[in-house]
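Asks:
Chains as they are written, first to last, in this note's numbering: chain A, -18 to 256; chain B, 886 to 1280; chain C, 38 to 414.
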């Protein structure tokens, strides 16, 4: 059972800040990590390899520094790594990213499964997995938290729904997107990390020409959507003491909560899902 | 798009060879030759002194999309019940449709779901595209994507909105890829740019620390998934609308996926780090019994219960639910502090919450300084009242 | 060729391990006083213990710089875990690795690399610490091997170790030249271990006395050529001191990080205490001494990796970094005010654990004497 795992390097923080002057992200001082859901995807592929054998290849697209997530994947037990790096890839939306990744996957060779995390913490789109699956023309199982069985033709998984789960049998080859509930990623071994830093480490680095794409099809130029502005959400404590009788203060509180951006978090207002 | 060399003009100076980032140029018999590896990046054009290299590239232009019209909403249903988010989207779609003077359409897939068409019309759809087939009974990615793709390609909508539910976020990327249009995920704000008449899609990124507004100028439909609970459903009881049925064919062998079983279950176990709502108690809760009502409030709101160090030391809640400097740091959307004085030790663990609500008898409690809304009063009276009103409002 | 920088990569990787696995439990482990076997095993599974040894001989293929980086990070989380791991990598296994038989390599060294067997190093005696000439534990040559008699103390891991590397005198007349290292498995008859000591800091590290009474061992258990015990010890002394300096840097960083966080949050007279200059001065000193300690320490580790003699540099690093760490832990408890006195907060642990660093690798009184001599006094 050979797998390809898509991993993304993301800033390790939930406290990203914007430069008040330029509106750009302040990236200095931020550590980079494997996107958490992707680490779970990698763990899922490695667990499968531990049980059934096969080869795990970690694939990442990013700047040259993204080599670190590839090396880390080797440290965790991946057999090979591929880094897609090219200035032409920069600024891609999910359309251009999924196209580039799919072309690279086709370049890597034979595989039965593509694993990826449900979503990345810097973008939260959850679009790459299904889009890559569609470029490759294979079925997908999204939000997977357990693999029940695998045979040469099928994989049976449990995938999370809002109010429970679904047991799904999926034809191979297939793409699986993994959620954090699935496993606890192992820590990399230092000996494997060091081996991954050596020149003869099993890492390939591809640019646009290596995967046979035109620069206009990828990156910012190949993208269909564009960010036209970014801004910090307004975030100021209201500091308001509500006054009145018990019933009226609670009513006022609930009204304010309902009108706030926090309303979606509360089950009582929001996801009374179905009619 | 290609790049080529006019051999007569080329003087074999090799500048292009050095400029090419991809090693895609060779000199053969004194002339430059472009290899298959060429990515048409254009680096060689800029350095060629002899002007011997040409490209048929043109600047990217915004195509004419005047034949794309209509604001579409995907009507998500499971087991014959509509997901509320699609009615919310219809409310927004009406607003967008009016701004553009275009009709609002719903796309309804399933088997034996035609009854739902009327609901969609009563919430704002001018037209319902209905596709019914046995293979569409339970959601599966490929048949749903096939059916929607066909509709989009025939009717060419201008805007297409889906709920950012599990289903919507599974399906929308497939459709976007098939149709060749951009897709913005999990939007919380949509509007029409008054000049360009394009859809402005605003969404949080980096876990909500940054908001980004995204436009989709180069493809249609302008497609977005929208976070449930953000838009407002607007009933239009007397509205009339048309139901347009579409035929659909598919074979099981194309689908590749079987749903073996669907299991409903309540999520168990608490995870403060993931919780969107946290109801926390401190010394003022008084006893373990007191935490029972906090638990009830948390259940109604779909959240978790936490406590201060005192609450843990008293044994009212387990240690893993302690929030503060010596406990966990949390940042939910809503943090309700009940009977919590708000000592620095506790505030350190919760002050990054999006909204903080404080209920405390002591009006001078420091917790009120970090709260968005405070209620001065006895939590044993206020919390049950909150439960009562919330239950009443969610019906 | 695009490749990761091993030092950054290993540091980040260990830092994540420490942040996720060690720090959340550190207080509770320290309070329990129990040896953190589970965490120790996890460190072993990551291949840390082989960091100084080559890959083709069961190691992880690193060097002294990486060894020190790893243990700096571990010390930032929990000093007693870092100390035990550092011992596993260096003093506990070094002589076995270089001088042990193939059988010892397979039955003891390789399991130690995985954390399945725990080694320890028996040097100090009740009457002999830095003064090696005073070592009295005697290994007497017999016709089929050696018989060891004597007593070692302050044996880190003594109570839980599976085997010992013991410094013994084989011929008191030869003084330092009579000192040699011996390999002694725990189950050898005549080995007895005292109750663990009650200690001020590193409370989960088990330290005890180990007594050897007519312990018979074969000839091949002598580690290294006869008479070279002291020179073999000297060959790792720089490394021991550099490592101790790295542990101190880890502790300094932990003290400073917690002090900064507290100074930002704690309000006094209407503003965070970090806005007051006296608090700023404390933090500024910590930050500056941290940088200086880093420069001294990692210069020494680079020299060790380059096989350049650097006992002076390593000694200065150990002395300076440890003093800086002790000072930082002290200042951190002051920044915390009365909370610095509370067992609930971390800084009291840093304060207690900082004292552990004063003795390992030589007391500062001895080190200062050496440094003064090297300075030309």
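Glycine residues also receive a C-beta, built at the ideal position from the N, C-alpha and C atoms.
(1) For residue 382 of chain C, collect the residues of the same chain with a Cβ closer than 7 Å to its Cβ; drop the 5 residues on either side in sequence, then sort them by chain order.
(2) Roughly how many angstroms separate the alpha carbons of residue 1020 of chain B and residue 1114 of chain B, rounded to a whole number?
(3) Relative to chain A, which residues along the region 1097 to 1111 of chain B have a C-beta separation below 8 Å, given in chain order?
(4) Beta carbons nearer than 7 Å to chain E: which residues of the region 1214 to 1236 of chain B have them?
(5) For a contact meaning CB atoms closer than 8 Å, what does residue 20 of chain C contact in chain B?
(6) Measure the alpha-carbon distance for residue 25 of chain A versus residue 311 of chain C and round it to whole angstroms.
(7) Quick one: which unbroken beta strand (DSSP E) runs of 3-plus residues sit fully inside the region 189 to 266 of chain C? Chain order, please.
(8) Would you list the residues sitting across from residue 37 of chain A in a DSSP beta bridge?
(9) Spatial neighbours of residue 230 of chain C within its chain, please: C-beta separation below 6 Å, excluding the five flanking residues on both sides.
(10) Since residue 995 of chain B meets chain A, which of its residues come closer than 7 Å, beta carbon to beta carbon?
(11) Measure the alpha-carbon distance for residue 941 of chain B versus residue 888 of chain B and round it to whole angstroms.
(12) Using a beta-carbon distance cut-off of less than 9 Å, what residues from the region 363 to 386 of chain C approach chain B?
(13) Please list the residues of the region 340 to 365 of chain C that have a C-beta atom closer than 8 Å to any C-beta atom in chain A, keeping them in chain order.
(14) Please work out which residues of its chain come closer than 7 Å, Cβ to Cβ, to residue 72 of chain C, disregarding the five sequence neighbours upstream and downstream, and give them in chain order.
(15) Given that residue 243 of chain A touches chain B, what residues does it touch there, using C-beta distances under 8 Å?
(16) Out of B:1239, B:1167, B:994, B:1231, state which residue places its alpha-carbon closest to the alpha-carbon of residue 1131 of chain B.
(17) Cβ atoms of residue 1070 of chain B and residue 1088 of chain B: under 8 Å apart, would you say?
(18) Can you find the residues in the same chain that come closer than 8 Å, C-beta to C-beta, to residue 930 of chain B, ignoring five residues on each side of it along the sequence?
(19) Can you pull the chain A neighbours of residue 98 of chain C, defined as C-beta to C-beta under 8 Å?
(20) Might you give, ordered along the chain, the residues of its own chain that have their beta carbon closer than 8 Å to the beta carbon of residue 906 of chain B, omitting 5 neighbours on each side?
(21) Any idea what DSSP makes of residue 983 of chain B, helix, strand or coil?
(22) Would you mind sorting residue 87 of chain A into buried or exposed? The rule is 16 or more other CB atoms within 10 Å of its CB.
(23) List the residues that DSSP assigns as beta-bridge partners of residue 1149 of chain B.
(24) Check the DSSP bridge columns for residue 135 of chain A and list the partner residues they point to.
(25) Say whether the region 1038 to 1049 of chain B touches the region 163 to 183 of chain A, bearing in mind that this needs 3 or more beta-carbon pairs closer than 8 Å, one atom from each stretch.
(26) Mind pulling the chain C residues with CB within less than 9 Å of residue 1211 of chain B?
(27) How far does the beta strand (DSSP E) with residue -9 of chain A in it extend, from its first residue to its last?
(28) Consult DSSP for residue 108 of chain A and reduce its assignment to one of helix, strand or coil.
(29) Taking only the alpha-carbon atoms, compute the straight-line gap between residue 1065 of chain B and residue 989 of chain B and give it to the nearest angstrom.
(30) I'd like the span of the alpha helix (DSSP H) that includes residue 1074 of chain B, first residue to last.
(31) With a Cβ-Cβ cutoff of 8 Å, do residue 912 of chain B and residue 902 of chain B count as a contact?
(32) Between the Cα of residue 240 of chain A and those of B:1138, B:1116, B:1161, B:1273, spot the shortest distance and give me the residue it belongs to.
(33) Under 8 Å Cβ to Cβ from residue 1198 of chain B, same chain only, skipping five residues before and after it: list those, please.
(34) Just to confirm my understanding: we take residue 301 of chain C, look at its own chain, exclude 5 residues before and 5 after, and list those with CB closer than 8 Å. What are they?
(35) Residue 1160 of chain B to residue 345 of chain C, Cα distance in whole Å?
(36) Please classify residue 68 of chain C: does DSSP put it in a helix, a strand, or coil?
Replies: By the coordinates alone:
(1) Position 345 of the third chain, counted from the first residue, corresponds to residue 382 of chain C. Closer than 7 Å at the Cβ level, and outside the excluded window around residue 382 of chain C, lie 373, 376.
(2) Within the second chain, numbered from 1, the residue matching residue 1020 of chain B stands at position 135. Within the second chain, numbered from 1, the residue matching residue 1114 of chain B stands at position 229. In a straight line, the C-alpha of residue 1020 of chain B is about 29 Å away from that of residue 1114 of chain B.
(3) 1097, 1098, 1099, 1100, 1101, 1102, 1103, 1104
(4) The question asks about chain E, but that chain is absent: this structure's protein chains are A, B and C.
(5) With chain C covering 38 to 414 only, the question about residue 20 of chain C has no answer from this structure.
(6) Mapped onto the first chain, residue 25 of chain A falls at position 44. Mapped onto the third chain, residue 311 of chain C falls at position 274. So the alpha carbons of these two residues sit roughly 45 Å apart.
(7) 200 to 206, 216 to 222, 228 to 230, 244 to 254
(8) The count along the first chain starts at 1 and reaches residue 37 of chain A at position 56. DSSP output for residue 37 of chain A lists A:-16 as bridge partner(s).
(9) Locating residue 230 of chain C in the third chain gives position 193, where the first residue counts as 1. Within the same chain, residue 230 of chain C has close Cβ partners 195, 196, 245, 247.
(10) Position 110 of the second chain, counting from 1, holds the residue named residue 995 of chain B. Within chain A, no residue comes near residue 995 of chain B; the closest Cβ sits about 14 Å away, beyond 7 Å.
(11) Mapped onto the second chain, residue 941 of chain B falls at position 56. Mapped onto the second chain, residue 888 of chain B falls at position 3. Cα to Cα, the separation comes out at about 7 Å.
(12) 376, 381, 382, 383
(13) none
(14) Here residue 72 of chain C refers to the residue found at position 35 when the third chain is read from its first residue. Closer than 7 Å at the Cβ level, and outside the excluded window around residue 72 of chain C, lie 197, 241, 243.
(15) As a first step, residue 243 of chain A must be located in the first chain, where it is residue number 262. Those within 8 Å of residue 243 of chain A in chain B are 1218, 1219, 1239, 1240.
(16) Reading the second chain from its first residue, position 246 is the one you call residue 1131 of chain B. Measuring from the Cα of residue 1131 of chain B, the nearest candidate turns out to be B:994.
(17) What you label residue 1088 of chain B is simply residue 203 of the second chain in a count that begins at 1. What you label residue 1070 of chain B is simply residue 185 of the second chain in a count that begins at 1. Result yes, Cβ atoms of residue 1088 of chain B and residue 1070 of chain B sit closer than 8 Å.
(18) As a working note, residue 930 of chain B is residue 45 in the second chain. Excluding sequence neighbours, residue 930 of chain B sits near 888, 938, 939, 940.
(19) By 1-based counting over the third chain, the position of residue 98 of chain C is 61. Within 8 Å Cβ-Cβ: 172, 175, 176.
(20) Here residue 906 of chain B refers to the residue found at position 21 of the second chain. Cβ within range, chain order: 926, 928.
(21) By one-based count along the second chain, residue 983 of chain B stands at place 98. In the structure shown, residue 983 of chain B sits in a helix (DSSP, three-state: H, G or I).
(22) Here residue 87 of chain A corresponds to residue number 106 of the first chain, with the count starting at 1. Result: exposed.
(23) Within the second chain, numbered from 1, the residue matching residue 1149 of chain B stands at position 264. In DSSP, residue 1149 of chain B forms a bridge with A:145.
(24) Counting from one through the first chain, the residue named residue 135 of chain A turns up at place 154. Residue 135 of chain A is bridged to A:152.
(25) no
(26) The residue given as residue 1211 of chain B occupies position 326 in the second chain. Simply 64, 381, 382, 383.
(27) Position 10 of the first chain, counted from the first residue, corresponds to residue -9 of chain A. Segment -10 to -8, the beta strand (DSSP E) holding residue -9 of chain A.
(28) The residue labelled residue 108 of chain A in the question sits at position 127 within the first chain. Reduced to three states, the DSSP call for residue 108 of chain A is coil.
(29) Against the second chain, residue 1065 of chain B aligns to sequence position 180. Against the second chain, residue 989 of chain B aligns to sequence position 104. Each residue's alpha carbon lies about 22 Å from the other.
(30) Reading the second chain from its first residue, position 189 is the one you call residue 1074 of chain B. Here residue 1074 of chain B belongs to no alpha helix (DSSP H); instead the beta strand (DSSP E) covers 1074 to 1077.
(31) Working through the second chain from its first residue, we reach residue 912 of chain B at position 27. Working through the second chain from its first residue, we reach residue 902 of chain B at position 17. Contact: yes.
(32) Taking the first chain and counting its residues from 1, the one referred to as residue 240 of chain A is at position 259. Selected option, being the one with the closest Cα: B:1116.
(33) Here residue 1198 of chain B is taken as the residue at index 313 of the second chain, counted from 1. So no residue of the chain qualifies.
(34) In the third chain, counting from the first residue as 1, residue 301 of chain C sits at position 264. Once the five neighbours on either side are set aside, the close Cβ partners of residue 301 of chain C are 309, 311.
(35) Sequence index remark: in the second chain, residue 1160 of chain B carries index 275 (1-based). Sequence index remark: in the third chain, residue 345 of chain C carries index 308 (1-based). If you take the alpha carbons of residue 1160 of chain B and residue 345 of chain C, they lie about 55 Å apart.
(36) In the third chain, the residue the question calls residue 68 of chain C occupies position 31. In the structure shown, residue 68 of chain C sits in a helix (DSSP, three-state: H, G or I).
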